[in-house]
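In terms of this note's numbering, the sequence shown opens at residue 4 and continues consecutively. Where a beta carbon is used, it is the ideal one built from N, C-alpha and C, also for glycine. These numbers were taken from a predicted model, which means no experiment stands behind them. Single-structure report; data block below.
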Amino acid sequence: MTVGCFKIHPNDNVATLLAAAESGVIPIQGGEKSQTIGLCESIDLGHKVALCDIQQGEAILKFGISIGSASVPIRRGAWVHLHNCESNFDTRSGSLDVHTGATTDTVYE
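Take a look at the structure:
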């Protein structure tokens with residue numbers, strides 16, 4: 004059985020992966036009814052998937068609140084992370100390495 008992803012709040016437009024998953028159809032847990040979503044790409048454990056198309060500038064909703072905004076249009080089923088969203092809390096989020104989260108704009112000597 005595929006573990007899938009979890010939608011925390013009814014208003015959320017993203018869900019969190021409960022295990023790493025390859026592209027393909029996975030279940031969405033936490034909703035009122037049985038739903039699935041087709042992943043456009045591989046997504047790692049703990050990362051977010053878009054549950055609907057999200058337009059550039061539109062809020063990314065998790066926990067029922069905005070955690071950032073889309074920096075580019077995001078397709079339903081796409082990975083939502085540093086490469087396509089901007090944090091509401093950290094103005095440097097767009098300069099972080101997409102896979103490690105390490106800073107790319109600071110040189111440590």
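Query: Find the nearest neighbour of Glu25 within the set Ile63, Leu42, Glu61 and His50, judged by alpha-carbon distance.; Result: Leu42
Query: How is the beta strand (DSSP E) around Lys65 delimited, first residue to last?; Result: Ala62 to Lys65
Query: Rank Leu20, Cys88 and Pro13 by C-alpha distance to the C-alpha of Gln59 and give the top, closest one.; Result: Cys88
Query: If you measure between the beta carbons of Lys65 and Ile11, is that distance less than 8 Å?; Result: yes
Query: Buried or exposed: Asn16, going by 16 or more other Cβ atoms within 10 Å of its Cβ?; Result: buried
Query: Could you pull out every residue in the same chain whose Cβ sits closer than 6 Å to the Cβ of Ala62, ignoring the five residues on either side in sequence?; Result: Ser69 and Ser72
Query: Starting from Leu42, trace the beta strand (DSSP E) both ways and give me its first and last residue.; Result: Gln38 to Leu42
Query: Does the Cβ-Cβ distance between Ile77 and Ile57 come in under 8 Å?; Result: yes
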